């Protein structure tokens with residue numbers, strides 16, 4: 001998931017009786033499946049939680065370009081290069097759809113960018129892992145985008161209109177991403193022995209970080225309960241993780257690859273796979289900024305922002321000059 | 331996605347990367363007309379220094395998969411919008427005017443298609 005550990009009010013969910021009339025009307029509209037639009041009244045907590053969530057989601061799309069951008073110049077064929085380029089461009093687009101959804105809540109784009117660059121706002125833990133081989137491009141598309149889809153498909157029904165609409169666009173494009181990843185994995189898994197080993201190695205390294213994307217169990221979390229009541233979170237982290245494992249395990253078997261979990265086993269009674277939890281200490285450590293690529297990622301984003309400054313300012317100055325010239329001519 | 335009302339996203343601190351909003355390009359709303367004779371439809375927004383670059387950016391952000399054959403951009407600040415509080419006075423008067431719909435009238439089957 002591209003938004004992790006999002007905190008809401010932390011106060012627990014109010015009953016309808018405890019709400020004042022405005023908030024009750026708001027909650028009843030959500031309960032009835034209605035949408036909240038930018039100019040509608042909304043509780044402050046709803047607005048702030050959504051800014052954090054959509055903002056983190058947008059940042060993840062943008063930072064998520066870096067691990068894949070790493071391989072554009074080294075793609076094995078021209079076709080693979082064009083496909084990867086299109087995929088990375090999509091990620092930029094997804095970031096932009098989400099930023100503009102966040103902006104409807106009253107935060108500026110520059111503010112969101114500054115909060116990413118200063119480390120105040122986070123992005124998904126997954127993008128702090130390195131992409132060491134070409135097979136990693138396969139694993140990222142198949143597993144990372146696969147995990148993201150689990151969360152994004154239900155979010156198309158989220159209560160906040162602009163967020164739901166951004167998700168519809170994103171989901172349409174996301175399925176291309178996962179398929180191109182699986183296509184790479186198929187090629188590698190059915191290739192030479194060295195390619196097969198490379199595919200297995202990519203799966204080994206990306207399996208647990210992908211499971212971490214859903215965040216730790218939140219069955220007991222008051223934040224999640226509030227977000228679910230507001231319908232800005234549609235499923236618990238455990239539900240989505242289970243769904244991801246159930247979908248992915250047979251795909252790994254199809255590839256002839258082994259998921260690095262000796263406890264992974266079909267549970268007839270539950271109708272689901274049993275599996276091992278990832279190392280949550282590692283997850284929290286990565287979130288703290290201690291992932292293998294955390295420093296690189298933030299340096300790259302800060303450099304891009306600083307290096308782009310003259311372009312932003314130059315284009316703005318040019319636009320102002322043109323406007324002034326047009327005014328003078330009229 | 332309409333332009334924001336004044337928000338209450340507080341407790342943010344400026345990082346040492348540029349002055350607040352000093353270089354933020356204006357927000358543009360983007361409308362795209364698809365290929366099948368429908369009118370332009372709002373698809374989202376983006377930032378750009380001027381109209382010309384807004385159209386170029388809209389092409390990259392919103393038409394990567396043949397979504398359209400025509401783009402309109404308009405500065406978000408130039409859009410006037412009805413407010414949710416006016417919902418009642420603006421839209422309720424039409425609720426009781428069912429005779430505006432063709433299904434209000436019973437036309438005998440013998441008359442044929444009408």
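Protein chains in written order, with the numbering used here: chain V, 1 to 330; chain U, 331 to 444. Note that the Cβ used here is the ideal one computed from N, Cα and C, for glycine as well. Owing to the predicted nature of the structure, the values given are computational and were not obtained by experimental measurement.
Proximity to residue i [Cα-Cα], best of the options
{"i": "residue 27(V)", "options": "289(V), 230(V), 314(V)", "result": "230(V)"}
{"i": "residue 20(V)", "options": "43(V), 11(V), 3(V)", "result": "43(V)"}
{"i": "residue 160(V)", "options": "213(V), 101(V), 151(V)", "result": "101(V)"}
{"i": "residue 157(V)", "options": "235(V), 82(V), 267(V)", "result": "235(V)"}
{"i": "residue 57(V)", "options": "203(V), 312(V), 155(V)", "result": "155(V)"}
{"i": "residue 373(U)", "options": "95(V), 23(V), 169(V), 225(V)", "result": "169(V)"}
{"i": "residue 293(V)", "options": "64(V), 218(V), 268(V), 241(V)", "result": "64(V)"}
{"i": "residue 128(V)", "options": "272(V), 46(V), 2(V)", "result": "2(V)"}
{"i": "residue 13(V)", "options": "183(V), 224(V), 267(V), 35(V)", "result": "224(V)"}
{"i": "residue 88(V)", "options": "115(V), 60(V), 327(V)", "result": "60(V)"}
{"i": "residue 396(U)", "options": "263(V), 39(V), 273(V), 173(V)", "result": "173(V)"}
{"i": "residue 94(V)", "options": "121(V), 55(V), 299(V), 205(V)", "result": "55(V)"}
{"i": "residue 37(V)", "options": "185(V), 163(V), 151(V)", "result": "163(V)"}
{"i": "residue 306(V)", "options": "52(V), 114(V), 30(V)", "result": "114(V)"}
{"i": "residue 399(U)", "options": "442(U), 355(U), 361(U), 443(U)", "result": "361(U)"}
{"i": "residue 272(V)", "options": "250(V), 237(V), 291(V), 288(V)", "result": "250(V)"}
{"i": "residue 53(V)", "options": "34(V), 103(V), 282(V), 314(V)", "result": "103(V)"}
{"i": "residue 300(V)", "options": "18(V), 32(V), 62(V)", "result": "62(V)"}
{"i": "residue 130(V)", "options": "291(V), 322(V), 177(V), 285(V)", "result": "291(V)"}
{"i": "residue 90(V)", "options": "391(U), 426(U), 386(U), 422(U)", "result": "391(U)"}
{"i": "residue 152(V)", "options": "98(V), 266(V), 18(V), 24(V)", "result": "98(V)"}
{"i": "residue 383(U)", "options": "428(U), 401(U), 431(U), 425(U)", "result": "401(U)"}
{"i": "residue 384(V)", "options": "34(V), 167(V), 217(V)", "result": "Since the first residue of chain V shown is 1 and the last is 330, residue 384(V) is not available in this structure."}
{"i": "residue 123(V)", "options": "298(V), 265(V), 81(V)", "result": "298(V)"}
Residue i and residue j closer than 8 Å at C-beta
{"i": "residue 375(U)", "j": "residue 407(U)", "result": "no"}
{"i": "residue 5(V)", "j": "residue 138(V)", "result": "no"}
{"i": "residue 257(V)", "j": "residue 200(V)", "result": "yes"}
{"i": "residue 377(U)", "j": "residue 109(V)", "result": "yes"}
{"i": "residue 75(V)", "j": "residue 84(V)", "result": "yes"}
{"i": "residue 117(V)", "j": "residue 47(V)", "result": "no"}
{"i": "residue 259(V)", "j": "residue 203(V)", "result": "yes"}
{"i": "residue 263(V)", "j": "residue 246(V)", "result": "no"}
{"i": "residue 413(V)", "j": "residue 185(V)", "result": "Outside the modelled stretch of chain V, which goes from 1 to 330, sits residue 413(V), for which no answer is possible."}
{"i": "residue 40(V)", "j": "residue 419(U)", "result": "no"}
{"i": "residue 16(V)", "j": "residue 232(V)", "result": "no"}
{"i": "residue 379(U)", "j": "residue 403(U)", "result": "no"}
{"i": "residue 206(V)", "j": "residue 146(V)", "result": "no"}
{"i": "residue 125(V)", "j": "residue 228(V)", "result": "no"}
{"i": "residue 150(V)", "j": "residue 240(V)", "result": "yes"}
{"i": "residue 181(V)", "j": "residue 222(V)", "result": "no"}
{"i": "residue 349(V)", "j": "residue 289(V)", "result": "Since the first and last residues shown for chain V are 1 and 330, residue 349(V) lies out of range."}
Any C-beta of chain C under 8 Å from that of residue i
{"i": "residue 391(U)", "result": "In summary, chain C is missing from the structure at hand, where the protein chains are V and U."}
N-terminal and C-terminal residue of the beta strand (DSSP E) that residue i is part of
{"i": "residue 360(U)", "result": "357 to 363"}
{"i": "residue 330(V)", "result": "No beta strand (DSSP E) holds residue 330(V); DSSP gives it neither H nor E."}
{"i": "residue 405(U)", "result": "400 to 405"}
{"i": "residue 374(U)", "result": "371 to 377"}
Boundaries (first-last residue) of the alpha helix (DSSP H) holding residue i
{"i": "residue 22(V)", "result": "21 to 31"}
{"i": "residue 138(V)", "result": "135 to 139"}
{"i": "residue 153(V)", "result": "146 to 155"}
{"i": "residue 240(V)", "result": "237 to 255"}
{"i": "residue 294(V)", "result": "294 to 307"}
{"i": "residue 182(V)", "result": "161 to 189"}
{"i": "residue 381(U)", "result": "381 to 392"}
{"i": "residue 62(V)", "result": "44 to 63"}
- Query: Counting Cβ pairs, one atom from each stretch, are 3 or more of them under 8 Å apart for the segment 304 to 321 of chain V and the segment 273 to 288 of chain V?
  - Reply: no
- Hey, which unbroken runs of the alpha helix (DSSP H) at 4 residues or more fall wholly within the segment 259 to 287 of chain V? 280 to 285
- Query: Could you give the uninterrupted runs of the beta strand (DSSP E) lying entirely in the segment 95 to 127 of chain V, keeping only those of 3 residues or more?
  - Reply: none
- Taking contact to mean at least 3 C-beta pairs separated by less than 8 Å, is the segment 124 to 139 of chain V in contact with the segment 59 to 73 of chain V? yes
- Counting Cβ pairs closer than 8 Å, one from the segment 246 to 260 of chain V and one from the segment 186 to 195 of chain V, do we hit at least three? yes
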